[in-house]
Each structure stands twice: as structure tokens, then as C-alpha cells.
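*Asks:* According to our numbering, the sequence shown is numbered sequentially starting from 7.
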Amino acid sequence: MLSYDILIVGGGPSGSSCAWGLRRSGLEVAILDKQVFPRDKVCGGWITPRVLSLLEIDPVEYACRRILQPIRGFKIGCIGTSIRQEADYGKRVSYGIVRRQFDDYLIKRCEAHLHEGVGLLDLQRVAGGWIVNGKIRTRLLVGAGGHFCPVARHLGMRRAENAVVAQETEFELDAQQWTDCPVRGATPELYFCADMRGYGWCFRKGNLLNIGLGRADPHGLPEHAHTFLRFLTARDGLSQKIPAFRGHAYLLYGTSSRPIAGDGFLLVGDAAGLASPQSGEGILPAVESGLLAAEVILSANGSYGGAQLEPYARRIEERFNGVNREWAPRVGRYLPDNWLRFAATRLLGSSWFIRNVVLDRWFLHL
Ligand SMILES: Cc1cc2nc3c(=O)[nH]c(=O)nc-3n(C[C@H](O)[C@H](O)[C@H](O)COP(=O)(O)OP(=O)(O)OC[C@H]3O[C@@H](n4cnc5c(N)ncnc54)[C@H](O)[C@@H]3O)c2cc1C
Numbered sequence: 007m008l009s010y011d012i013l014i015v016g017g018g019p020s021g022s023s024c025a026w027g028l029r030r031s032g033l034e035v036a037i038l039d040k041q042v043f044p045r046d047k048v049c050g051g052w053i054t055p056r057v058l059s060l061l062e063i064d065p066v067e068y069a070c071r072r073i074l075q076p077i078r079g080f081k082i083g084c085i086g087t088s089i090r091q092e093a094d095y096g097k098r099v100s101y102g103i104v105r106r107q108f109d110d111y112l113i114k115r116c117e118a119h120l121h122e123g124v125g126l127l128d129l130q131r132v133a134g135g136w137i138v139n140g141k142i143r144t145r146l147l148v149g150a151g152g153h154f155c156p157v158a159r160h161l162g163m164r165r166a167e168n169a170v171v172a173q174e175t176e177f178e179l180d181a182q183q184w185t186d187c188p189v190r191g192a193t194p195e196l197y198f199c200a201d202m203r204g205y206g207w208c209f210r211k212g213n214l215l216n217i218g219l220g221r222a223d224p225h226g227l228p229e230h231a232h233t234f235l236r237f238l239t240a241r242d243g244l245s246q247k248i249p250a251f252r253g254h255a256y257l258l259y260g261t262s263s264r265p266i267a268g269d270g271f272l273l274v275g276d277a278a279g280l281a282s283p284q285s286g287e288g289i290l291p292a293v294e295s296g297l298l299a300a301e302v303i304l305s306a307n308g309s310y311g312g313a314q315l316e317p318y319a320r321r322i323e324e325r326f327n328g329v330n331r332e333w334a335p336r337v338g339r340y341l342p343d344n345w346l347r348f349a350a351t352r353l354l355g356s357s358w359f360i361r362n363v364v365l366d367r368w369f370l371h372l
């Protein structure tokens, strides 16, 4: 039987960041992922600069062999209306990455033993740890398997949860599309739903175009996504053949009651339900929680009981609870539709609101 100190289930940004935080600690760390890297991940691929600084990624070195699209501004509008505002920061305020490349880069450099193409199928609690799939023994289990993380599910976290649902498609532009595409790489386009319960995006990264839509309300997502696509096509003449959308769900911080630390386990990233309530950004919280988990593991000095791991839950709360939790779509739930549409068009028509609230506060945390 293989034996590790720490087994991380899931090799997305939360799992690989945790492993990276534990590198050279003397601990035997392994990652188990059901997929083989490089693998695709349904995502817009927008990251704020803190992701790179926390992970000590040199943008120049990273961009040598991968797409790293600098973002200097945004176009913001409201689906079904002619509202369109542009905010130009005149400097780089975010990046676009391709998850297939980004996650592969992170997992390859984190120095953990990698068991890829192996899903977690069976989990048993034994004295002093866990046995995974009857083959791997570990003293501590880190659940980093995303929203449907098998560790979280094994621990009984199956309660009804109010997840954000989102769909996207990412495809390569051919030479003609490259010339015709009206979307500029440095200026992604974000369009809010008129009921303010979600937004769509159109984001050009190098030779790729990513189009998607996410909503706090799971009902009718495919219809909303197609309305958005029709809107883009009509507005921008975006006529290229667009591949089918792929979808996924995840939790915004404050909407989950999952215990994220306990006797012999920690949950990180989407498994813990940490995405930003305002923008739906999940990569930064995944990285931050992975690194925080590594810090707590190191200070636990080899004792992985509930008392030693509890500081992780406290530190996550300190970090994320202070972040303003208001999100327009939640407010939207309590207002009649016509009021919402009126309020949305007034607010999204205000360049002050777009720049100071939507972008500086909700999306860029400036
Ligand atoms: C359509 C869409 C667009 C998004 N756009 C953005 C964006 O632009 N910017 C942003 O910051 N966030 C975005 N997000 C959110 C972001 O994708 C997630 O928050 C982020 O991927 C969370 O990282 P993670 O490491 O926790 O989980 P994941 O990235 O989901 O990684 C989980 C890993 O666990 C593995 N796994 C799952 N089950 C098992 C199992 N049984 N056994 C073994 N391994 C398993 C999976 O193969 C996967 O590799 C978007 C989400 C969606 C759905």
C-alpha cells in the first residue's frame, strides 16, 4: 500500500496551490485526480493579478509558452438593451488564462506525487488516517475536488445548496474570424442580465474566444445563455459557428454550510464554497484557501485532529467574511421584475457605478 502524509483529492488550482505551499516541507504529499493533465476545465479563465503574486508566477516567464492575456479595461452592458459603457484603466488590471494550460503548469511545478486518471471511489476512516481506494493510506485528506468534491460528499455534505450555475464555450478563431471578431483582448465584455441575477461575458484570449453566462438562479440557464448568444450575434455581428456551451455549478461564499475543517480533513476551493459573491471569481479563493490550508498543516506539526485543523476554518472566515457580501443578484430576488429592470438600466447606465462599484469593488477588489 502507498503511504503519504497528505493526500489532496483534486488537482485544480486549490489542490495544486496547497501542494505547492507544502513543497520542501519534508511531508510526503500526493495529488489524486480523476483526469489526466493537461485537461480542460469549464471556466472563463479571468484572473486578478493577486493569483500570480500569491503563487510567485512571473508573468513574462509564464507567457513564454502559454496564453496570458493582459486586461486593461472592460465593456459593460445590459443584455437586451443598448446600454454599453467602456472603462479603460490605461494599465493592466487583470489577466486571461486558459485553464488547460494554467492548471497543468501549476500541477507540474508543485512537486507532489501525482496520481492522475484515478478517481476517488472508496474512502475508509482508519486509526490515524484514511485509506483511499483500498490502495493509498494518508494521515490527512484535503478535499480539493471542486463543487462535487467526493471528500465533501463522503463526509455527508449533500444538503440542498444554492449554487451558482454557469455555462461557457471556448474556441479557436480561424483567420477570418480573427479579423472579423469585434471583441478586443485587452477589453473583455460583460453584460448583466436585466434581472441582475447574473451576467454573461465575451472574452478574447490570444487566438481563443470564450463566451459564457453565470446566474445565481439555476432556473432556465440554457435559455438565458441562448438569449445572450442571440444578443451578442445581433449586436456584434458575431457570426462564427460557436460550439455548444458546457456547464458547471459552484457555491458563492456565504451560501454553504459545509464544515471545511475537522478530524483528519480540510476542504479547499470550490469544495469549501468560497467563490466571490459579487463576481463569481473562484480561482483566487481557490489559490488563497489552498495556501492557507498548507500553512495550517505546517503549523499542526503532524497532529491532524479537529483541534489542530480548526484554525483553518477561522482563518478562512477572517479572510472572506470581511469581504463585502452584497451582490446585486441577491438583492434582485426580493424586487418585482419591472423595478429590477428599471434599477438595472439606471445603474448600468451610470459610468460612476460601473467604474466604482461593479469594476473597482466587485470585480477587481481595488
Ligand atoms: C462557466 C464557469 C466560468 C467560470 N469562470 C471563472 C473565471 O473566469 N474566473 C474565476 O476566477 N473563476 C471562474 N469560475 C470558477 C472557477 O472555475 C472555480 O472556482 C475554480 O476552478 C475552483 O478551483 P478548485 O481547484 O477548487 O476546483 P476545480 O478547478 O474544479 O478542480 C477540481 C479537480 O478535482 C478533480 N476531481 C473531481 N472529482 C474527483 C474525484 N472523484 N476523484 C478525483 N479527482 C476529482 C477534477 O478532475 C478537477 O481537476 C468559473 C466557473 C464556471 C462554471
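A virtual CB, placed ideally from N, CA and C, is assigned to each residue, including glycine. Everything numeric in this text was worked out from a predicted model, so none of it was measured.
Could you tell me the distance, in whole angstroms, from the CA atom of Met202 to the CA atom of Val132?
*Replies:* Here the question's residue 202 lines up with position 196 in the sequence shown. Here the question's residue 132 lines up with position 126 in the sequence shown. Cα to Cα, Met202 sits roughly 48 Å from Val132.
*Asks:* Could you check whether the Cβ of Tyr68 sits closer than 8 Å to any heavy atom belonging to ligand 1?
*Replies:* On the sequence shown, position 62 is the one that residue 68 refers to. Flag unset: Cβ of Tyr68 not near ligand 1.
*Asks:* For the segment 11 to 20 against the segment 149 to 162, are there 3 or more C-beta pairs whose distance is under 8 Å?
*Replies:* Taking 8 Å as the limit for Cβ pairs, the verdict is that the segment 149 to 162 does touch the segment 11 to 20.
*Asks:* Hey, quick one: how far does the alpha helix (DSSP H) through Ala300 stretch, first residue to last?
*Replies:* Locating residue 300 in the sequence shown gives position 294, counting from the first residue. Per DSSP, Ala300 belongs to the alpha helix (DSSP H) from 289 to 305.
*Asks:* If we call anything under 9 Å between Cβ atoms a contact, is Arg56 one with His254?
*Replies:* To locate residue 56, count along the sequence shown from 1; it is residue 50. To locate residue 254, count along the sequence shown from 1; it is residue 248. Not in contact: Arg56 and His254 (Cβ atoms no closer than 9 Å).
*Asks:* Among residues of its own chain, excluding the 5 on either side of Tyr10, which ones have a beta-carbon nearer than 6 Å to its beta-carbon?
*Replies:* In the sequence shown, the residue the question calls residue 10 occupies position 4. Closer than 6 Å at Cβ, skipping near neighbours: Glu34, Ala36, Thr144.
*Asks:* Measure from the alpha carbon of Ala267 to the alpha carbon of each residue in Leu315, Gly135, Gln91, then state which is nearest.
*Replies:* As a first step, residue 267 must be located in the sequence shown, where it is residue number 261. When each option's Cα is compared against that of Ala267, the closest is Leu315.
*Asks:* Whole-angstrom Cβ separation of Leu60 and Val363, contact assumed at under 8 Å?
*Replies:* Translated into the one-based positions of the sequence shown, residue 60 becomes position 54. Translated into the one-based positions of the sequence shown, residue 363 becomes position 357. With a Cβ gap of about 25 Å, Leu60 and Val363 do not count as contacting.
*Asks:* Under the three-state reduction of DSSP, which class applies to Phe108: helix, strand or coil?
*Replies:* In the sequence shown, the residue the question calls residue 108 occupies position 102. Phe108 falls in the helix class under three-state DSSP.
*Asks:* Using only the heavy atoms of ligand 1, determine whether one of them is closer than 8 Å to the beta carbon of Lys40.
*Replies:* Locating residue 40 in the sequence shown gives position 34, counting from the first residue. Answer for Lys40: yes, Cβ within range of ligand 1.
*Asks:* Can you tell me which of the three DSSP states Ile85 falls into?
*Replies:* Within the sequence shown, residue 85 is the residue found at index 79, counting from 1. The answer is coil: DSSP assigns Ile85 none of H, G, I, E or B.
*Asks:* Have a look at the DSSP bridge pairing and note the partners of Ala133.
*Replies:* Indexing the sequence shown from 1 puts residue 133 at position 127. According to DSSP, which records beta bridges pairwise, Ala133 is partnered with nothing at all.
*Asks:* Tell whether a beta-carbon distance below 9 Å holds between Asp39 and Val124.
*Replies:* Indexing the sequence shown from 1 puts residue 39 at position 33. Indexing the sequence shown from 1 puts residue 124 at position 118. Contact: yes.
*Asks:* Please report the distance separating the alpha-carbon of Arg71 from that of Asn344.
*Replies:* The residue labelled residue 71 in the question sits at position 65 within the sequence shown. The residue labelled residue 344 in the question sits at position 338 within the sequence shown. Taking the straight line joining both Cα atoms gives about 49 Å.
*Asks:* From Leu238 to Ala169, what does the alpha carbon distance come to, in whole angstroms?
*Replies:* Here residue 238 is taken as the residue at index 232 of the sequence shown, counted from 1. Here residue 169 is taken as the residue at index 163 of the sequence shown, counted from 1. If you take the alpha carbons of Leu238 and Ala169, they lie about 26 Å apart.
*Asks:* Going residue by residue through the segment 127 to 187, where are the continuous beta strand (DSSP E) segments of at least 3 residues, counting only ones entirely within it?
*Replies:* Segments of the beta strand (DSSP E) lying fully in the segment 127 to 187: 129 to 132, 135 to 138, 142 to 149, 170 to 178.
*Asks:* Is the closest heavy atom of ligand 1 to the C-beta of Ser20 under 8 Å?
*Replies:* On the sequence shown, position 14 is the one that residue 20 refers to. Checking every heavy atom of ligand 1 against the Cβ of Ser20, one is found closer than 8 Å.
*Asks:* Taking three-plus beta-carbon pairs below 8 Å as touching, is the segment 79 to 96 in contact with the segment 104 to 117?
*Replies:* No, because fewer than three Cβ pairs between the segment 79 to 96 and the segment 104 to 117 fall closer than 8 Å, the two stretches do not touch.
*Asks:* Only counting the same chain, and skipping five residues up and downstream in sequence, which positions put a Cβ closer than 7 Å to that of Gly50?
*Replies:* Taking the sequence shown and counting its residues from 1, one reaches residue 50 at position 44. Counting only Cβ-Cβ distances below 7 Å, and skipping sequence neighbours, we find Glu174, Trp207, Phe209, Asn216, Gly218.
*Asks:* Which same chain residues end up closer than 6 Å to Glu176 when comparing Cβ atoms and leaving out the 5 residues on each side of it in sequence?
*Replies:* Counting from one through the sequence shown, the residue named residue 176 turns up at place 170. Within the same chain, Glu176 has close Cβ partners Leu214, Asn216.
*Asks:* If contact is defined by three or more beta carbon pairs under 8 Å, each pair taking one atom from either stretch, is the segment 303 to 311 in contact with the segment 178 to 198?
*Replies:* No, the segment 178 to 198 is not in contact with the segment 303 to 311.
*Asks:* Mind listing, in chain order, the continuous alpha helix (DSSP H) runs of no fewer than 4 residues lying wholly within the segment 197 to 272?
*Replies:* List check, alpha helix (DSSP H) in window: 227 to 242.
*Asks:* Within the same chain, show all residues whose beta-carbon is closer than 7 Å to that of Gly140, passing over the 5 residues directly before and after it, in chain order.
*Replies:* Counting from 1 along the sequence shown, the entry for residue 140 is found at position 134. Contacts found: Asp128.
*Asks:* Between Leu298 and the rest of its own chain, which residues show a CB-CB distance below 6 Å, the 5 nearest in sequence each way excluded?
*Replies:* Translated into the one-based positions of the sequence shown, residue 298 becomes position 292. Contacts found: Arg321.
*Asks:* Can you give the Cα-Cα distance for Phe234 and Gly135, rounded to whole angstroms?
*Replies:* Within the sequence shown, the letter at position 228 stands for residue 234. Within the sequence shown, the letter at position 129 stands for residue 135. Those two C-alpha atoms are separated by around 48 Å.
*Asks:* Hey, would you say Asp109 sits closer than 9 Å to Lys47, going by beta carbons?
*Replies:* As a working note, residue 109 is residue 103 in the sequence shown. As a working note, residue 47 is residue 41 in the sequence shown. It is a contact, given that the beta carbons lie within the stated cut-off.
*Asks:* Beta carbon of Ala255: closer than 8 Å to some heavy atom of ligand 1?
*Replies:* Along the sequence shown, read from residue 1 onward, the residue named residue 255 stands at position 249. Checking the Cβ of Ala255 against ligand 1 gives yes.
*Asks:* Here's the rule I'm using: 16 or more other beta-carbon atoms within 10 Å means buried, otherwise exposed. How should Met7 be labelled?
*Replies:* Within the sequence shown, residue 7 is the residue found at index 1, counting from 1. When all chains shown are included, Met7 counts as exposed.
*Asks:* In the DSSP assignment, find the beta strand (DSSP E) that holds Ser100 and state where it starts and stops.
*Replies:* Here residue 100 is taken as the residue at index 94 of the sequence shown, counted from 1. Element bounds for Ser100: 100 to 103.
*Asks:* I'd like the list of long-range same chain contacts for Pro76, defined as Cβ closer than 7 Å, with 5 residues on each side in sequence excluded.
*Replies:* Taking the sequence shown and counting its residues from 1, the one referred to as residue 76 is at position 70. The answer, listed in chain order, is Arg98, Tyr101, Ala192.
*Asks:* In whole angstroms, what separates the C-alpha of Ile82 from that of Ile137?
*Replies:* Working through the sequence shown from its first residue, we reach residue 82 at position 76. Working through the sequence shown from its first residue, we reach residue 137 at position 131. Going by the C-alpha atoms only, they are around 49 Å apart.
*Asks:* Measure the Cβ-Cβ separation of Glu195 and Phe80 and say whether it is below 9 Å.
*Replies:* Residue mapping note: residue 195 aligns to position 189 of the sequence shown, counting from 1. Residue mapping note: residue 80 aligns to position 74 of the sequence shown, counting from 1. The answer is yes: Cβ separation under 9 Å.
*Asks:* For the alpha helix (DSSP H) holding Ala313, just list the boundary residues, first then last.
*Replies:* Residue 313 sits at position 307 when you count from the first residue of the sequence shown. Element bounds for Ala313: 312 to 327.
*Asks:* Starting from Ala192, trace the alpha helix (DSSP H) both ways and give me its first and last residue.
*Replies:* For the purposes of this step, residue 192 is identified with residue 186 of the sequence shown, where counting begins at 1. Note, Ala192: premise wrong, no alpha helix (DSSP H); not H, not E.
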